[in-house]
Amino acid sequence: MQPLRIALAQTAPQLGALEANLERHRALLAEARAGGAGLVVFPELGLTGYLLQDLAAEVAMRLDDPRLATLAAETVGLSAVVSFVEESADHRLFIAAALLEDGAVRHVHRKVFLPTYGLFDERRFFAAGSLIRAVPSRLGVGIGLAVCEDFWHLAVPQLLALDGAQVLINVSSSPGRDVAAINEFGLGTATSWRTLMRAYAQMTTSYVVFVNRVGVDESISFWGGSEVIGPAGDTRFGAPLYDEGLYLVDVDLADLRRERIATPLLRDERPEIVLRQLERIVRERAGEVRDTTAEPGAEPGLDVAPAAGSAPLVRR
Amino acid sequence: MSAPLYELPEELRIDTAIARRITGEFIRGQLRQAGFERVVLGLSGGVDSALVAYLVTEAIGAEHLLCVLLPYASSSAASRSDAEEVVRRLGCASRLVTITAMVDAYFGAGAGEGALGADGPEATALRRGNFMARMRMAVLYDLSVVWGGLVAGTGNKTESLIGYTTLYGDNACAFNPIGDLYKSQVRQVAEAVGVPETIIVKAPSADLWPGQTDESEVGFSYADVDRLLYWMIDQRRSEEELAAKGFAPAFIERVARMVAGAEYKRQVPPIAKIGPRTAGLDYLYPRRRPGSARRSG
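Quick look at the structure:
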């Protein structure tokens with residue numbers, strides 16, 4: 000047995016109110032500690048609220064911000080994942096998730112994939128991170144952090160698992176939409192996310208911890224539904240939709256070994272093949288070599304060919 | 000199974016429990032962020048405003064809701080009694096403000112000339128209807144001060160998309176909990192929250208003149224236009240694809256034109272860009288942020 004009690008902090012951050020949200024985090028850390036939790040996870044931008052727009056610069060913290068240090072100081076004997084707007088020394092603003100452990104900032108993940116479509120406009124206000132890395136943890140297993148949209152890109156959970164993560168943590172501010180009677184949970188967003196979480200847990204034989212916020216920013220309602228999925232894709236816990244709360248979930252980290260021995264998918268991964276194919280695809284997309292799926296006769300970098308006997312599509 | 004109260008296209012069927020959860024969170028969130036605890040709305044006797052009254056009651060309690068009945072002399076008696084029934088069932092505060100004197104003071108009535116002068120009586124039904132909607136708006140915003148509440152919008156997605164609203168009239172509000180629900184879905188949620196059946200099943204009407212109904216005025220049924228709008232807007236189908244689904248090309252073209260023609264009604268008016276930072280363009284803040292809430296008391 001390697002028991003771990005995980006606290007899912009399904010909170011409703013106040014938009015732009017950094018001090019109030021810091022206070023709420025401190026209170027919930029204390030509550031989780033009192034409840035025996037070893038890992039506490041807060042949602043994406045839980046310290047600032049989501050729909051910040053121009054407020055992003057006003058609530059940003061550098062990694063040396065004393066307010067972050069004060070919050071980290073509350074994690075002696077604990078692991079916690081918190082999320083905020085991080086300002087780099089050269090004044091780029093990132094959506095960051097940080098692993099705080101034993102009083103210090105252990106790891107920072109900057110959101111790599113910033114959705115800028117539909118109701119999202121993140122790339123307008125934020126810089127995109129470019130590192131996807133697992134990190135060792137006081138819990139004795141590797142941790143992989145991802146923020147919301149990062150998990151709508153297949154490579155992210157795979158890279159984290161290959162890099163040694165055994166617990167994949169996704170923190171989110173997912174707006175609820177597509178309310179329909181045909182959806183499993185009455186909410187299209189929830190149905191989609193639940194499908195993804197189970198698939199990632201099973202394919203990476205890892206625990207997946209998903210913490211999504213609740214509450215309202217402007218028009219958007221966030222749906223909660225935080226979850227813990229076991230390494231065989233089995234649901235260990237699902238928090239209610241829309242209810243704020245601190246939910247405690249007990250897991251056995253020894254299940255990771257059992258599942259990875261029984262179903263050695265990660266052992267059988269062939270990252271060198273993936274790498275070679277990706278290098279080819281990247282070169283093709285960059286126009287450095289002929290695209291193998293382009294129409295015959297297409298110019299490098301293009302995939303449509305001119306009709307037989309006609310002039311090139313692009314004249315130089 | 001009993002016969003349905005109204006026609007609900009299958010693709011428009013929603014999970015009403017989730018919809019009510021969202022509108023409840025939304026209403027409470029809007030009030031909290033603005034520093035208010037109360038809501039005021041205009042109650043016409045129709046299903047849209049009745050639903051909003053029920054949703055507000057569900058979210059914050061009837062004691063925090065003021066429903067204002069705003070009839071004109073020609074408004075139907077049935078509308079008024081339906082509105083009174085909603086007030087009675089919810090147990091919320093209500094107030095009756097007849098707008099006849101305000102409207103007649105402008106257009107004139109009978110032999111008496113109004114502020115507009117001799118051409119007042121020639122005003123079209125459209126002008127009179129728009130003016131009435133704006134008088135109701137003016138009353139609601141005035142009473143919002145007395146009541147200390149935010150004005151809740153009661154317009155639905157169908158009328159917003161086809162432009163069947165009066166700019167700065169019935170579409171004026173502080174927030175709108177049902178603006179993303181088609182009329183068919185409004186009826187569905189109304190049934191779930193217990194809005195009286197008579198209100199759900201009666202023909203929707205702007206009640207601008209006796210016997211007027213929305214559907215006879217625009218020439219198509221809500222069930223049909225809701226389905227068309229759902230496939231056209233939400234599911235991004237082209238006109239060819241819509242025709243292949245069985246919608247008549249003339250119907251598609253007419254509704255597409257109505258939607259495009261009403262774009263201006265759904266947006267904040269443009270400001271001429273002159274300075275370095277301009278609201279809505281490169282000065283972008285959430286409507287509610289630290290410091291923006293009204294001080295309580």
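Heads up: the protein sequence lines correspond to chains A and B, in order.
Under numbering that gives the first Met the number 0, read the first sequence as residues 0 to 315, first letter to last.
Under numbering that gives the first Met the number 0, read the second sequence as residues 0 to 296, first letter to last.
Even for Gly, the Cβ is constructed at its ideal location relative to N, Cα and C.
This one's a predicted model, so the numbers in the text were calculated from it and none came from an experiment.
Amino acids of chain B, ordered along the chain, whose beta-carbon sits closer than 7 Å to that of Q9(A): For this step, residue 9(A) is matched to residue 10 along the first sequence. The contacting residues do not exist; Q9(A) stays about 13 Å from chain B at best.
L4(B) at chain A interface by Cβ criterion, 9 Å: On the second sequence, position 5 is the one that residue 4(B) refers to. No, no contact with chain A.
One or two residues paired with Q9(A) in a DSSP bridge: If you number the first sequence from 1, residue 9(A) lands on position 10. For Q9(A), the pairing in a beta bridge is given by DSSP as G244(A).
Option in Q157(A), G308(A), L44(A) and E86(A) with minimal Cα separation from L264(A): Sequence index remark: in the first sequence, residue 264(A) carries index 265 (1-based). The candidate whose alpha carbon is nearest that of L264(A) is Q157(A).
Boundaries of the beta strand (DSSP E) in which T234(A) is found, first to last residue: Here residue 234(A) is taken as the residue at index 235 of the first sequence, counted from 1. Element bounds for T234(A): T234 to G237.
Sub-9 Å separation of G141(A) and A164(A) beta-carbons: Position 142 of the first sequence, counted from the first residue, corresponds to residue 141(A). Position 165 of the first sequence, counted from the first residue, corresponds to residue 164(A). Cβ distance < 9 Å, so G141(A) and A164(A) count as in contact.
Cross-chain neighbours of V215(A) in chain B, by beta carbon under 7 Å: Residue 215(A) sits at position 216 when you count from the first residue of the first sequence. Within 7 Å Cβ-Cβ: E24, F25 and G28.
Through-space distance from P70(B) to R123(A), alpha-carbon basis: Position 124 of the first sequence, counted from the first residue, corresponds to residue 123(A). Position 71 of the second sequence, counted from the first residue, corresponds to residue 70(B). Distance between the alpha carbons of R123(A) and P70(B): 47 Å.
CB contact check: P289(B) to chain A, cutoff 9 Å: Looking up residue 289(B) in the second sequence gives position 290. True, the Cβ-Cβ gap to chain A drops below 9 Å.
Cβ shell of R94(B) (< 6 Å), same chain only, five flanking positions each side left out: Counting from one through the second sequence, the residue named residue 94(B) turns up at place 95. Once the five neighbours on either side are set aside, the close Cβ partners of R94(B) are V67.
Residue interval of the alpha helix (DSSP H) (run including R257(A)): Within the first sequence, the letter at position 258 stands for residue 257(A). That run of the alpha helix (DSSP H) goes A253 to A261.
Buried or exposed by the 16-neighbour rule on C-beta atoms within 10 Å, applied to I181(A): Sequence index remark: in the first sequence, residue 181(A) carries index 182 (1-based). The residue is exposed, with fewer than 16 neighbouring Cβ atoms inside 10 Å.
DSSP state of Y199(A) mapped onto helix, strand, coil: Indexing the first sequence from 1 puts residue 199(A) at position 200. Note: Y199(A) maps to helix in three-state DSSP.
Cross-chain neighbours of Y284(B) in chain A, by beta carbon under 7 Å: Counting from one through the second sequence, the residue named residue 284(B) turns up at place 285. Q52, D53 and L54, listed in chain order.
Simplified DSSP assignment, three categories, for L227(B): Working through the second sequence from its first residue, we reach residue 227(B) at position 228. In the three-state reduction of the DSSP assignment, L227(B) falls in the helix class, which pools H, G and I.
Three-state secondary structure assigned by DSSP to C172(B): Counting from one through the second sequence, the residue named residue 172(B) turns up at place 173. Three-state DSSP puts C172(B) in coil, outside helix and strand.
Neighbour flag for D14(B) against chain A, beta carbons, 9 Å: Stepping through the second sequence from its first residue, residue 14(B) is reached at position 15. Yes, contact with chain A.
Beta-carbon contacts of I219(A) that lie in its chain and below 6 Å, excluding the five residues immediately before and after: The sequence position of residue 219(A) within the first sequence is 220, counting from 1. Once the five neighbours on either side are set aside, the close Cβ partners of I219(A) are P174.
Below-9 Å beta-carbon distance, I181(A) vs any chain B residue: The residue you call residue 181(A) lines up with position 182 of the first sequence. Output row for I181(A): interface = yes.
Reference R253(B); option with closest CA among C172(B), I270(B), G162(B) and D169(B): Indexing the second sequence from 1 puts residue 253(B) at position 254. Considering only alpha carbons, the answer is G162(B).
is_contact[G224(A), chain B] using C-beta, thresh 9 Å: By one-based count along the first sequence, residue 224(A) stands at place 225. Closer than 9 Å: no.
Proximal chain A residues relative to A297(B), where beta-carbon distance stays under 9 Å: Outside the displayed span of chain B (0 to 296) sits residue 297(B), for which this structure offers no information.
Inter-residue Cα distance where the pair is D47(B) and N155(B): Walking along the second sequence from the start, residue 47(B) turns up at place 48. Walking along the second sequence from the start, residue 155(B) turns up at place 156. For D47(B) and N155(B), the distance between alpha carbons rounds to 7 Å.
Burial state of M0(A), where buried means 16 or more other Cβ atoms lie within 10 Å: By one-based count along the first sequence, residue 0(A) stands at place 1. Classification of M0(A): exposed, given that the 10 Å Cβ count is below 16.
Cβ neighbours of Q52(A) in the same chain (closer than 7 Å, five flanking residues each side left out): Along the first sequence, read from residue 1 onward, the residue named residue 52(A) stands at position 53. Correct list, in chain order: F124.
Cutoff 6 Å; reference A261(B); Cβ partners in own chain excluding five residues on either side: What you label residue 261(B) is simply residue 262 of the second sequence in a count that begins at 1. Hits under 6 Å: G162.
Minimum Cβ-Cβ distance from Q32(B) to chain A less than 9 Å: Taking the first residue of the second sequence as 1, we reach residue 32(B) at position 33. Interface residue, yes.
Selected residue, minimal CA-CA separation from L160(B), among P248(B), G218(B) and L228(B): Residue mapping note: residue 160(B) aligns to position 161 of the second sequence, counting from 1. When each option's Cα is compared against that of L160(B), the closest is L228(B).
Close-in-space but distant-in-sequence residues of the same chain around V84(A) (CB under 6 Å, 5 per side omitted): Your numbering for residue 84(A) matches position 85 in the first sequence. Excluding positions up to five away in sequence, the list reads T47, A55, V58, A59 and L92.
Nearest residue (CA-CA) to G44(B), options Y5(B), E62(B), T197(B) and A132(B): Counting from one through the second sequence, the residue named residue 44(B) turns up at place 45. Of the listed residues, the one whose Cα sits closest to G44(B) is T197(B).
Proximity test, Cβ basis, 9 Å: Y116(A) and chain B: Taking the first sequence and counting its residues from 1, the one referred to as residue 116(A) is at position 117. With 9 Å as the cut-off, Y116(A) does not count as an interface residue toward chain B.
Supposed contact pair L70(A) and L99(A) - C-beta distance, whole angstroms, cut 8 Å: Residue numbering aside, residue 99(A) sits at position 100 when the first sequence is read from its first letter. Residue numbering aside, residue 70(A) sits at position 71 when the first sequence is read from its first letter. About 7 Å; that satisfies the 8 Å criterion.
Close Cβ partners of M0(B) (< 6 Å) along its chain, the five nearest in sequence each way excluded: Start at 1 with the first residue of the second sequence, and residue 0(B) comes out as number 1. Confidence in M0(B) is poor, its pLDDT being 48 and thus under 50, which makes the residue's placement unreliable; the coordinate value appears in the next sentence. There are no such residues.
For R259(A) and Y199(A), the rounded distance between their alpha carbons: As a first step, residue 199(A) must be located in the first sequence, where it is residue number 200. As a first step, residue 259(A) must be located in the first sequence, where it is residue number 260. Cα to Cα, the separation comes out at about 14 Å.
Coarse secondary structure for F35(B), derived from DSSP in three states: In the second sequence, residue 35(B) corresponds to position 36, counting from 1. It is coil, neither helix nor strand.
Contact list for L14(A) against chain B, beta-carbon separation under 9 Å: Within the first sequence, numbered from 1, the residue matching residue 14(A) stands at position 15. Per Cβ cutoff of 9 Å: Q32, P285, R287, R288 and P289.
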